[in-house]
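Reviewing the structure listed below.
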Amino acid sequence: MALNDGDVDQTARVQGEQIAVYERRGPFWGRLTQFAVVVALAAGTVGWTLALDTVASFYPGTGMVRSTPSERPAKATVNDCRKVGPVSGDGFGYWWHCAVTVRTSDGREVRTVVRHSTVTPGDRSRPVEFREVCHGKGNTDCRYGRPAWRIWALALAALGIVRRGVVLLLLMCVGFYLLRTVVGVPRYYAWVNRRGEGRRCASRRGR
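So that you can map any letter, position 33 of the sequence shown is 118 in my numbering, and since no number is skipped, the others follow by simple counting.
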């Protein structure tokens, strides 16, 4: 889409203001300021990811969204547990990872580890009602969890899409400011403007 004269003037004004601020600070402090933005964006990416991991950790189910394959009833016996936190792959806070022995409805006995405090050491005294969902032939890819409403799995799936979109946007911003840190703001805009002028010339020749 071609830029009109007003858009070009506005873009040039914004670029000029940013270049002026950079040059007032000097190359060292100008680059340091750009790098500070990189660090802040990277920290925001990590914080956003951990916050959503924390939300997801409150869901105890198998994560199955579709009706097929179906969840099957099972019973779990809790074995050894260990606590992780305050920051981990489960998000913020302290969470239990427990080894469990799952007895499935078809008589199999499966040993696995469940995270997110799906079970805790307090569950050792009794069998815990579980659910099993398996993909592939011969039950080669199975997930285990407690009974949970499917709507929460749907909500977490939607949250996962939002998460990936926001993380991608933040990473693009990190790349943008990292490039400005390396080359400096004036050289960055000179490169951008050369590319923009080249595209406009090519567009005029193609008419």
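Using N, Cα and C, we set each Cβ at its ideal position, and we do this for glycine too. The model shown is predicted, which means the values in this text are computed figures rather than measured ones.
Quick check on DSSP: helix, strand or coil for residue i?
i, result
"residue 142", "helix"
"residue 147", "coil"
"residue 185", "strand"
"residue 86", "Low local confidence applies: a pLDDT of 46 at residue 86 is under 50, so the model's placement there is unreliable, and no value is given."
"residue 277", "helix"
"residue 229", "strand"
"residue 174", "coil"
"residue 97", "helix"
"residue 136", "helix"
Mind checking which residues open and close the beta strand (DSSP E) that includes residue i?
i, result
"residue 218", "213 to 220"
"residue 199", "194 to 199"
"residue 163", "157 to 169"
Compare the beta carbon distance of residue i and residue j with 8 Å and say whether it is the shorter of the two.
i, j, result
"residue 217", "residue 189", "yes"
"residue 198", "residue 183", "yes"
"residue 129", "residue 255", "yes"
"residue 238", "residue 174", "no"
"residue 104", "residue 274", "yes"
"residue 141", "residue 215", "no"
For residue i, which of the options has the nearest alpha-carbon?
i, options, result
"residue 236", "151, 114, 162, 219", "151"
"residue 167", "193, 262, 238, 200", "200"
"residue 227", "233, 234, 219", "219"
Tell me the residue span of the alpha helix (DSSP H) that contains residue i.
i, result
"residue 262", "235 to 268"
> On the three-pair Cβ rule with 8 Å, is the segment 242 to 250 touching the segment 126 to 138?
Replying inline: yes
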